[in-house]
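All remarks here apply to the structure that follows.
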Amino acid sequence: MGVVCAYGTETPDIDFGKVSEEELKMSHCKLDSSASAVVLADFGKTEFSYNQASGIQMVFTRHRRIKIFNSSGYDWADVAVLLYKDGREKEVISQVKGYTYHLEDDKVVKTKLKSEGKFLEEYDDNHDIYKFTLPNVKEGSVIEYTYRVTSDFLFNLQDWEFQASIPTLWSEYDVTIPEYFIYKPLFQGYYSLAINDQSPASGRFNITVRSQSGGGGLNSAPVRRQTRQEQVDFQATNYHWAAQDIPALVEELYVTTMDDYVMKMELELSSTKFPGEPYKNYTTSWEEIDRQLLESSHFGDILKRSGSIKNQVATLTAGTGSDAEKAARIYQYVQQQIRWNQHSRLFAEQTLKQTLETQSGNSADLNLLLTAMLREADIKAEPVALSTRDHGMLRQEFPRLTQYNYVVSLAWIDDQPLLLDATDPNCSWDMLPIRCLNYMGRIISKESGEKWINLQPDKGSLHTTMATLSLAEGQLKGTIATSRSGYNAMRLRKNIVNANGVDGYLTQMKSNQHSWTIDDYEVTALETLDEPLKETYEVELSEVMQEAGDMIYLTPVVLGRLDENPFKSESRAYPVDYPYPEKETFMLTLSVPDDYTVDEMPEDMVIALPGNAAIFSFTAKQLGNTIQLVMRTEIKKMKFLVQDYPHLREFFNQLVAKQQEQIVLKRK
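Counting from 1 along the sequence shown, just add 327 to a position and that's the residue number in the working numbering.
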């Protein structure tokens, strides 16, 4: 039996620089025996201090200890600390210390982090990043480090994540906030806190007061400069949070971003009230954020400066009749002629004129240009601010401008609202790119009425495959025809573009289906985005059938077959999030040789989750020498909660098993 490590429900007694024999001999994690490493303890603390030059500052200290089980956990010795900056003001890191411990001949070997293992580099316009690597890490090592960050940015109180991509035995955060500040704690996570305390506290600032006397005239006493120390006592609030035995945050399929599910505590500045100064409220509202965006020179104000687009809009809409035709021409122009630079932004970086001239821009440049051009064509249009899937879900209960990172356009065509995004040349105009399918966005408008708008698509993904195959002389040959629309069609169009055209895509296809012979490949409606994308090709298949004496064993689902359940874990701590509805149909017509008879055939099956959230049907029948098979899979529901997961997983277990079943033919 290997050694494991456990802590009670009180703060573990861990001193920096002193590691226990139990920790060094620990052989595996009690929460997950397969874990490559485990966070033994992680302590964070934020306090407020007074600096004579800068005034009130926040001081954040961290002490973290990690056990490394095998080489896959070595990356935990590489530490990066993000530091905020704004102009000349910067957060400052100090007192960086670290050790690596391991056993040699039952003796503790302790290796110190040296200065050559630390360096600071620029990360982006508002952040530097401080990096260091713990030395001499081996399988079985324990590493620990500590550092301090001093910050003048009082709005940016340090958040705390209780969860990591490896298990965590103990994570604790302690914050003491003076009475001059009110911060709102915002908790997120699917596990309960072991400690969740709030209590009154007190504190003291030590302030140096400088004064001078004398020097008032020719006969006055000489100038005397004095300093004295004054102490300012204040009341405070202490927050104490801790989490125990938290499983690893494992990357799963079908999520927005893992940041939406990590167990963490955020703290948002609500208000300040300093002695002798008025109360200042920092809590905002979505209406106030609307106003800020409408007045911004990089958002709402751009839409007013439309003189540079008049001629282009007049040219595009000449000879059109309906608003739908006008909107389609404008959309196609921006989508096909203005290149997106792959930067997702809420704010434009160029004027409308500059975007037209450069023929490129970020997502806001393109979509605000689209909005302005629609308005110039007398079509009602408004910008819609949103958060992309990789940026995280909008939390409507906590208004913050930083929750947005993207903007699309909303147009009313024949009194019907239509969301538009012109960044993707492979996306039809009645679809948003997948990155935008993140539940809710907000219409940024001066008009009254409901501002929140559903971003989830009515149009999902449709994929139909028709295989007409015959078995003759030991070969399975025939024709495959597919029809795709919605997001499935968009995905194939992108794949063809990324492969540098149809020929390149066909080469990839042959490589992926290496046991197939593919000829006469054709694709239609590649550039006609509002029509189904269709493929036809001739095939010769070998791996789906095996001959054994007088018997032939054939797997009939030759395309779209799942070889394993996409949901491998027996349980899941967070929802399954499909970005759009999906519907797949596979139809097979199989001609059986005259000298064979059908010995076995898969039985019909229908599986449906409650409320028809997901449906799978499979039917197979024999008509003379022909077998007809129809398989349909439909995912109607886009969000499956944790309690739904076992049913969804079992749904796919049965689906995968059915798709592996074979048709058995016997020689007469």
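All C-beta atoms in this analysis are idealised placements derived from N, C-alpha and C, irrespective of residue type, glycine included.
The structure displayed is predicted, hence computed values, not measured ones.
Problem set entry | Where Val423 sits in the DSSP three-state scheme | strand
Problem set entry | Cβ distance (whole Å) where Arg656 is taken to contact Leu643 below 8 Å | 5 Å
Exercise. Mind checking Gln730: buried by the 16 CB within 10 Å criterion, or exposed?
Worked result: buried
Problem set entry | Coarse secondary structure for Asn694, derived from DSSP in three states | Assignment of Asn694 by DSSP, reduced to helix, strand and coil, places it in the helix class.
Exercise. Helix or strand or just coil, what does DSSP make of Ile807?
Worked result: strand
Exercise. Using the C-alpha atoms, what's the distance from Arg702 back to Asn980?
Worked result: One Cα belongs to Asn980, the other to Arg702, and the distance between them is close to 51 Å.
For this session: Decide if Leu545 is buried, meaning its Cβ has at least 16 other Cβ atoms within 10 Å, or exposed.
Result: A caution first: Leu545 carries a pLDDT of 49, below 50, which makes its placement in the model unreliable, though a value can still be read off. Leu545 comes out exposed.
Exercise. Bridge partners of Ser515, per DSSP?
Worked result: Note that residue 515 is Gln in the sequence shown, not Ser. Answer is Lys591, bridged to Gln515.
Problem set entry | Candidates Arg391, Asp757, Val464 and Ser347: closest to Pro744 by CA position | Asp757
Problem set entry | Ile493 in three-state terms, based on DSSP | DSSP places Ile493 in the coil class of the three-state scheme, outside both helix and strand.
Exercise. Bridge partners of Ser869, per DSSP?
Worked result: DSSP, once it has assigned bridges, lists no residue as partnering Ser869.
Exercise. Of all the CB atoms in chain C, is at least one closer than 7 Å to the CB of Gly648?
Worked result: Within the model displayed, chain C is absent; a lone protein chain is all it includes.
For this session: Counting only the same chain and skipping the five closest in sequence on each side, list residues whose C-beta sits under 7 Å from that of Leu601.
Result: Looking at the sequence provided, one finds Phe at residue 601 rather than Leu. So the list reads Tyr507, once near-sequence residues are dropped.
Exercise. Going by alpha carbons, who is nearest to Thr806 out of Ile761, Leu886, Trp487 and Thr946?
Worked result: Leu886
Problem set entry | Helix, strand or coil at Leu975 [DSSP, three-state] | helix
Exercise. How about Val464 and Leu351: do their beta carbons lie closer than 7 Å?
Worked result: no
For this session: Spell out a yes or no on whether the region 441 to 448 and the region 385 to 394 are touching, meaning 3 or more CB-CB pairs, one atom from each, closer than 8 Å.
Result: The region 441 to 448 vs the region 385 to 394: no contact.
Exercise. So who's on the other strand from Met928, going by DSSP bridges?
Worked result: Looking at the DSSP assignment, Met928 forms no beta bridge with any residue, so it has no partner.
Problem set entry | Neighbourhood of His454 by C-beta distance below 7 Å, restricted to the same chain and skipping five residues each side | For His454, the CB contacts under 7 Å within the same chain, skipping 5 residues up- and downstream, are Leu409, Leu410, Tyr411 and Lys412 in chain order.
Exercise. Using the C-alpha atoms, what's the distance from Ala826 back to Val991?
Worked result: 38 Å
Exercise. Just how far apart, CA to CA, sit Asn952 and Gln989?
Worked result: 17 Å
Exercise. So what does DSSP say about Glu374, is it helix, strand or coil?
Worked result: DSSP, reduced to helix, strand and coil, places Glu374 within a strand of the structure shown.
Exercise. With respect to the beta strand (DSSP E) encompassing Ala641, which residues constitute its N-terminal and C-terminal limits?
Worked result: Run containing Ala641: none in the beta strand (DSSP E); it sits in the alpha helix (DSSP H), Lys637 to Thr644.
Exercise. Based on the DSSP output, what are the partners of Trp568 in its beta bridges?
Worked result: Tyr500 and Asn523
For this session: Measure the C-alpha to C-alpha separation of Phe396 and Trp613 and round it to an integer number of angstroms.
Result: 48 Å
Exercise. Per the contact definition of three or more C-beta pairs closer than 8 Å, is the region 956 to 964 in contact with the region 898 to 915?
Worked result: yes
For this session: For Thr503, I'd like the list of residues in its chain whose CB is within less than 6 Å of its CB, leaving aside the five on either flank, ordered along the chain.
Result: Glu374, Ala528, Ala563 and Asn565
Problem set entry | Distance CB(Leu975)-CB(Pro902) smaller than 7 Å | no
Exercise. Which first and last residues belong to the alpha helix (DSSP H) in which Ile629 is found?
Worked result: Element bounds for Ile629: Gly627 to Lys631.
Exercise. In angstroms, rounded to a whole number, what distance separates the CA positions of Ala682 and Glu724?
Worked result: The identity of residue 682 in the sequence shown is Thr, whereas the question assumes Ala. When rounded, the distance between both Cα atoms is 35 Å.
Problem set entry | Those runs of the beta strand (DSSP E) which lie wholly inside the region 846 to 928 and span at least 3 residues | Counting only runs of at least 3 residues, the region 846 to 928 fully encloses the following beta strand (DSSP E) elements, listed from N- to C-terminal order: 860 to 868, 872 to 875, 878 to 881, 909 to 918 and 923 to 927.
Exercise. What residues in its chain sit with their C-beta under 8 Å from that of Leu936, if we drop five residues either side in the sequence?
Worked result: Ile942, Lys964, Asp971, His974, Leu975 and Phe978
For this session: Using alpha carbons as the reference points, say which of Gln987, Thr851 and Trp779 lies closest to Tyr864.
Result: Thr851
For this session: Can you tell me the Cβ-Cβ gap for Ala654 and Ile522, rounded? I've got them flagged as a contact below 8 Å.
Result: Not really, about 56 Å apart at Cβ, beyond 8 Å.
For this session: Assign Asp830 to buried or exposed, taking buried as 16 or more other Cβ atoms, counted over all protein chains shown, within 10 Å of its Cβ.
Result: Counting Cβ neighbours within 10 Å, Asp830 comes out exposed, since fewer than 16 surround it.
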